[in-house]
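Following: one structure in structure tokens, then a few remarks.
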Amino acid sequence: MPNTYLAIDLGAESGRLVAGLWNGKTIRLEEIHRFPNGPVYLGDSLRWDVVRLWAEIQNGLSLAARKYGPGIVSVGADTWGVDYVLLDERDEMLGQPFAYRDARTNGMMEKAFRKVPRAKIFAQTGLQFMQFNTLFQLLAHKQGAPKMLERADALLLMPDFIHWALCGSRVVEFTNGTTTQCLHPLTRNWATGLLKQFGLPTRIFPKVMPPGTRLGVLRPGVAERTGLRKINVVAPPTHDTAAAVAGVPTAHTGKANWAYLSSGTWSLMGVEIQKASLSARTQALNLTNEGGLDGTYRLLKNIMGLWLVQQCKRAFDARGRKYDYGQLARMADRAPALRS
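Residue numbers (our numbering): 343 to 682.
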């Protein structure tokens, strides 16, 4: 019987559980469960319904237990970057987590630059400037709900929250940690000096762990509800693009003689390098350094991906006009070109 490894893959539009069956020579992938995702308005703010996502994940784990049984070895999760969950000292979730497209970060970058110059932020983080980066989300949180931030005992990024729900671990995995604009690219740890300059509580930032770290075993309650054994919970590259790039079939890991294009809600194009690029030219081009497997960095650019198409599909669905993506692509191909 092949060993079975479970992957929880959450995207901005959908989530899925996939089984990887390894026979010692080759791996075969089988999708177990797929479910919709998307931010929801709560009042005037845009949030992630993480409780529903967790329920769907448990449904998928139950299906996996019935299908693969004792052959299951481990489970791990990847998601998009930047968004986070706050836990208090009793492991209670503080509020429903914001989605990165929420408007609370409007103008927050400019406010941050008045306190710490743009170049100094880049030198300590190596990240491109986008208003939804975790740093600016936290500044918005501090401005809008300071007492909640004071009550927080731990900040977990979305995949780290899933791992906490699975096994109780309170850590942040390196690849997703690099999307926050709170992590120093040279020390590969939190940029505590920068965080203190902004008056952010450094105590809430957990230990940073590399991909491949064994985080623990399934909580007894999760194992009982899903029918799984107390299997290992292992952190993969938890940023979805880092996980995708890790799957590129190249023998030249960390060498910038090949490039990749990873497409989803966002498209990301870049190269893999051994050390973060912190040059003035990198900053001027607003390129970003995101962590990869085996201690590498991915020097990349965010590009508009399939988000516009996804929003069109969402609007059509809401009006009862159901199309799959293949149909939308064929319709777009037949449509007359737009002219200025």
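Even glycine gets a Cβ: it sits at the ideal position worked out from N, Cα and C.
Give me the DSSP bridge partner(s) of residue i.
i	result
V641	Per the sequence shown, residue 641 should be read as Leu rather than Val. Bridge partners of L641: V613 and N631.
V513	K549
G362	Y347 and L371
V417	L348 and V575
N518	Answer is none; N518 lacks a bridge partner.
M673	Its beta-bridge partners do not exist; DSSP assigns none.
N531	H526
R389	V382 and F440
G303	For the chain, the structure presents residues 343 to 682; residue 303 sits outside this window and is missing.
W608	M646
What are the start and end residues of the beta strand (DSSP E) that includes residue i?
i	result
D351	N345 to L352
I573	That residue, I573, is in no beta strand (DSSP E); it is neither H nor E in DSSP.
A601	A601 to S605
V559	R556 to V559
L428	Y426 to L429
The alpha helix (DSSP H) that contains residue i, what's its start and end?
i	result
R408	V392 to Y410
A588	D582 to A588
P488	P488 to R493
T624	A622 to A626
Secondary structure at residue i, three-state DSSP: helix, strand or coil?
i	result
F455	helix
L477	helix
M646	strand
W506	helix
A500	It should be pointed out that residue 500 corresponds to Met in this sequence rather than to Ala. Correct three-state label for M500: helix.
F377	strand
M435	strand
G357	strand
F471	coil
Y667	helix
P562	helix
F658	helix
F540	coil
R567	helix
Buried or exposed: residue i, going by 16 or more other Cβ atoms within 10 Å of its Cβ?
i	result
K655	buried
Y383	exposed
I369	exposed
Q479	buried
S605	exposed
V576	buried
I732	Past the edges of the chain, shown from 343 to 682, lies residue 732, and the structure says nothing about it.
S416	buried
Using a threshold of 7 Å, is the CB atom of residue i nearer than that to any non-hydrogen atom of the ligand NAD?
i	result
L388	As presented, the structure is devoid of all ligands, the ligand NAD included, so that no description of it is given.
* **Touch test, the segment 436–454 against the segment 609–622, Cβ-Cβ under 8 Å, three pairs minimum** => no
* Segment contact flag, the segment 390–408 with the segment 435–449, C-beta cutoff 8 Å, min 3 pairs -> yes
* To do: Take every Cβ of the segment 418–427, pair it with every Cβ of the segment 496–508, and state whether three or more of those distances are shorter than 8 Å.
  => yes
* At least 3 beta-carbon pairs within less than 8 Å: the segment 476–493 vs the segment 661–680 -> no
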